[in-house]
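The structure appears right after this line, and notes come after that.
Chains as they are written, first to last, in UniProt numbering: chain A, 1 to 398; chain B, 1 to 398; chain C, 1 to 398; chain D, 1 to 398.
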């Protein structure tokens, strides 16, 4: 007998749970890609997309995953040989740096480890020292999906400004967009990349690059941008196929439209507030569980935690055991630990992650927490008592 | 800001949550109803349906809801003027009795109130006193969806046998089939009615009547059975359309097939065990909450509680308030109280019900319980502490 | 190699092709059946349903197929022993008469054969002779799905009036509603039955009875109407569940709502005109094919042909052969001949039917005709030349 | 009144009609992307994908459209400055050449116009003259979607061999894969690109590059391949995410799996034969229509025509008029003319295209032809008589 036979719940940090309205919108015959409803819908969707990113400037859509958007963003504003500064707070900044290297760029990494945010002062120092302005861009993850840390884009902008450095500020918001508050224009981010499969609640397959006038100008200085990555025709299309550098991703566009309707129907401020409250719900439970000493929240300071994902350590092997138990016995799939490997735990088996992003309500979160507590009891991970009541209390307070 | 924006969860006592596989199976073009795949599938499905009811005898499918099945069952075995004995433990036995009256039958009700099961000894007395065998059938609800009481069919069979009374034993398993253990043949039930929208996890629209040889013989004694209700062609069809007395319910059949695949894939014993464990999970929380005095479980004795639904009192107006709060703020729709009206509470506003039937896993149940606790806190219904931990403990133990 | 691997087309006279919008509307989680969106939607849908039937009076919805609606309609207005007059023009009037017999009514059939319409004068004679007004109702099929004949309701009303006979005029519009023009109030039809799976383009499972004040009064004279069939609570509900005599057919209601949106979006007059033009398209081809002598249209007079279905004879065995060929080789399922049996052809194997009802455009019809011509060539049924061009010509003229 | 209200049919040369099984497979919750069913399914799918391309060598999947695959293929085997020879027979070879230019390659185009195939002798001459082997690759479209010409890959391989030239032979099979016979290994094609949205019947969003050992070796000689385009980890993955250079395209993979099941269930030889027969069906009609002088098939020689798409001229403005008529009046969307512009007809308004690729049966094709004839009559384009009968004759012969 298993208690898993019901509607399975995927609480990994992306892909997130797809709303029924999104899946329904995609369950349609192939539309005409040359004219008519799809063409009109796409044009009308761009402003709605930019409102999610809080920018009034440019948006380019790519049929790609987030890694594609990383490459696209870099390709449009940097020339081979250019230096990029990469303050890293987990796994994904390294990934982006590697992508940069693949394009012939020269990444300079400042590693802040797995449990601390970017220290903007440190970044400012490095930039100030770069008097020749060899660094052309600063690349960072707003939220690192592996460590669940959330960095402060405005602080980085201030660092650049204080240092009087002209480098572009480029943010990876793949894990955070439409979950954690992000204000592209107000915070002075020049280029931002995102994907559709997390806060945008659409099956993986679309990625986005947003950029401002500084990004636009940087594009002019690049000697060669490959046709697929070139954001010019995509952001300022003459023909419909320019949007996508070829055939339109018909069904994904329909799904994305439905997702944007849900987000704007709720209101982006309300969406952020919901994620913030549900993140506090998760934390309330985790903090109580942690009192017994076996569990450790990867990020201690609440103000540095993502509202979209929470990374946790539970001791060698226990993360894997817990995840297996919840999937087999309760219908809950948790995210595995990634990028937390150590000599003692080369597979990050002592970690797991709770995704709490996108199409997410109190029922889903409280259910996940209930199952995790049941799982810890079942696989014998000690935990502090009263966690679920504490979590419910956060929901009650709203 | 609301925490309800996510996948809504409907925890009412039917319709239950539909598995994706069922909805998918129904999202298909119209099939041929005269020959081919649908026809073959239907023939092959009848044995699988009977295995759910634990009978080797007859099954008739109706395009109807449960009320239709009530009428169908009565129509096939009783003549106008016949007396039927109806031991009642809540709302639905009265409903069936009313249906009987509508057919010209004469129901004799023994009312056991809203919080007690059928007393088989009392039934036996009445039957023993019916020396002329005017009572032709005993009608009862296995589980009453309003009160959440579960009656004992085997005890009723024993009562009939002890009284040496030839009346048919007719069970309403609408709320219980594929949730609470039910052994039609072993327990000596002659006629049983059910619907597709609860334990069978299919959108409302199909109903079933199962009957044994005694039911079959009773049919022969009925002078006039209307064509639509006549179970003869439906249970022993010469042509495909006989199954349904006309056009086949194509999409429902496809959905039901998918549901039966899920149930038999899990195994009916495992399905019952899952419902039993998840019911105990619900009870564990409710019993702790009840300690504060505001909440009262309608059925005190665990052995008399349904594994599919739990009815609760929380004080005048509070049931309605709680239900509204959970729907508006947390994505959880609870069942309303029905049939519990009193002079002080004519709308049963002090009651609510938790449906825990069908496609149901630990995540769904623990989430519902977490939301209920949050809701009670929010709308200020006092509750005992530690309920969620207790519920998680039941899941942990499996 | 087969040319059938593509989107199959079902051209049987019901179930008709389901629009994507209908199937999509049904691919949703179970909704709350006690309050909220579904309840409001249902109330708002009733007037839209009545507009399809062109009546301002009463509508009752049944979870049932058309046979259920037959029984429901009879149950509400007739008492056992009542005589009903049944002018028959094919199979289905006999079916309804049989249903009447099952309820203890006494049908008097006037058989007009398989290729002629009801002769209203003949009906008037019979009614005039019934000076004691023993005949309580006249039952007829607007369109007989087997023969594809279309009868004239207004002529029957005139016959009743001329004869000064108070019998109810009861129409079966199962095959015709939302295909062939039908004006319930203007034509003086008292009771009308229909199903959802033909012109209403929804998977089988709902049936409808419409009735006017005369029907309403007749209900008062019936001594016993079973609860499930009683149209009173269904047409004038105090509670939501009254609409359906129990649990609501949630997913069907959502599908029906989508279908009604399509129909009213197009406009019922335009829907009828489309069916009329597409029927003429089919006839244009069939009439040319018939010139070679092997094919015979069952109804010769165009003014008597249904706009929803066409029955054809092609010689012993050839109907079955042709149907098999088109399904195996071209992705087209044709309707089989029913009710056309003779001594030489006990299985109606010399007949087939083309359904052309519901969600139907010129592409679907011209494709079906193209395949039929290919099939006749392949299985060697002689046919007149130029049929497809003639059919295309009708579409061209619009 | 319009005859378009039914199931719309999209007969454009991609995206093609999506099978219900594909759309259904994609209507599912987000799966786990780290382990479990999706991971296993993907590994098992690669051989099935290669069987479609008739290669036993390497396959790389990209989240991209066909243009992305063009860029990916070039990126892996060529260095900036490399010369590529591009024999062009329509629009798409120019597109690929432009993509090459975007990567810093130097395309040398041989333009064979819009109505003739590649002349392999001419290619051989050019290659023979390139004694320094500066040409590193020959790029060609197997089928040009604009002109509907089909080129002969084996003849090009022979040309390369005769010239003793080591350039890679690179084929664009975006329009032809799984429609027109293509034998990658047997015909000596080194690199091949394709998309999912035509013969593979899946919504746009996936693209494929297949390559053999010569392609594999060429990769080794490339100094820098961007991470996203690098086919090494994609074709020989260490981790699941390597397949996609990041997040997996979950729903597209499920759709593609369903499409491959359909194709292999039918058998690739049968799939090709079906396309060939249905292409002949289309041609039979077009050739008859052309007799009146107004219509002209773009490719006269049957042996040079694609089996997936047919381009037609009907005189200035008439293509646009016809397309509008069929969409508005009959539910058929035809492909517009592209790349056929002339001084007199700068918008290619005199052309249209019939897509006949993918999930396609005789009913769909004959319906499209019927509608086209109706449309030509309605918008007054003269046409030869007997076209539809001729087309049906091809289907009859099978």
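Where is the CB? At the ideal position from N, CA and C, for every residue including glycine.
A straight line joining the alpha-carbon of residue 90 of chain B with that of residue 165 of chain C spans about 49 Å.
The beta carbon of residue 377 of chain A sits closer than 8 Å to some beta carbon of chain B. Closer than 8 Å at the C-beta level to chain A, one finds no residue of the segment 158-183 of chain C. Chain C has no Cβ within less than 8 Å of the Cβ of residue 38 of chain B. Any Cβ of chain D closer than 8 Å to the Cβ of residue 192 of chain A would place that residue at the interface, and such an atom is absent.
The beta carbon of residue 121 of chain B sits closer than 8 Å to those of 159, all from its chain and outside the five residues before and after it, given in chain order. Cβ atoms of residue 135 of chain D and residue 85 of chain D come within 8 Å of each other, at about 5 Å. Residue pairing by DSSP puts residue 141 of chain A in a beta bridge opposite A:172. Using a C-beta cut-off of 8 Å, the segment 42-51 of chain D makes no contact with the segment 13-33 of chain B, since fewer than three inter-stretch Cβ pairs fall below that distance. Identification of chain A residues near residue 28 of chain C by a Cβ-Cβ cut-off of 7 Å yields 20, ordered along the chain. Residue 50 of chain B carries a helical assignment under DSSP once its states are collapsed to helix, strand and coil.
Between the segment 284-301 of chain A and the segment 363-380 of chain A there are three or more C-beta pairs closer than 8 Å, enough to call the two in contact.
In this structure, the CA atom of residue 333 of chain D is about 41 Å from the CA atom of residue 243 of chain B. For residue 23 of chain D, no beta strand (DSSP E) run applies; the uninterrupted alpha helix (DSSP H) run containing it begins and ends at 20-26, by DSSP.
A check of alpha carbon separations from residue 345 of chain D across D:319, D:117, D:19 identifies D:319 as the nearest. Contact between the segment 105-115 of chain A and the segment 226-246 of chain D is absent: fewer than 3 CB-CB pairs across the two stretches fall below 8 Å. Between the alpha carbons of residue 132 of chain A and residue 126 of chain A lies a distance of about 12 Å. Secondary structure at residue 197 of chain A: coil, using DSSP grouped into helix, strand and coil. Among the residues of chain D, none has a CB under 9 Å from the CB of residue 371 of chain A; the nearest is roughly 15 Å distant.
Contact check for residue 352 of chain C and residue 339 of chain C: beta-carbon distance about 13 Å, past the 8 Å limit, so the pair fails to qualify. Out of C:4, C:44, C:375, C:1, the CA that lies nearest to the CA of residue 258 of chain C is found in C:44.
Within the same chain, 318, 321, 322, 325 come within 8 Å of residue 379 of chain B by CB-CB distance, once the 5 residues on both sides are set aside. Between residue 64 of chain C and residue 64 of chain B, the gap from beta carbon to beta carbon is short of 8 Å. Taken in chain order, the complete alpha helix (DSSP H) segments of 4 residues or longer contained in the segment 96-131 of chain A are 120-129. By the CB criterion at 8 Å, residue 189 of chain C and residue 69 of chain C fall outside the cutoff.
Interface flag for residue 224 of chain B against chain C is set, since a Cβ pair is found closer than 8 Å. Take residue 95 of chain C, set aside five residues on each side of it, and the residues of its chain with a beta-carbon closer than 8 Å to its own are 67, 70, in chain order. Residue 207 of chain A sits in a strand when the DSSP states are folded into three classes.
Against chain A, the beta carbon of residue 380 of chain C has no neighbour under 7 Å; the closest one sits roughly 36 Å away.
Residue environment: residue 264 of chain D is assigned as exposed (fewer than 16 neighbouring CB atoms within 10 Å of its CB, all protein chains considered).
Contact of residue 277 of chain A with chain B is assigned, a C-beta pair being separated by under 8 Å.
Residue ranges of uninterrupted alpha helix (DSSP H) with 4 or more members, entirely inside the segment 311-386 of chain D and ordered along the chain, are 318-330, 362-378. The residues 288, 289, 291, 292, in chain order, have a CB closer than 6 Å to that of residue 384 of chain B in the same chain once the five nearest residues on each side in sequence are set aside.
Using a Cβ-Cβ cut-off of 8 Å, residue 109 of chain A does not count as an interface residue toward chain D, since no Cβ of chain D sits closer than that to its own. Contact with chain D is found for residue 266 of chain C, since one of that chain's Cβ atoms lies less than 8 Å from the residue's Cβ. Per DSSP, residue 166 of chain C is not a residue of any beta strand (DSSP E), being assigned neither H nor E.
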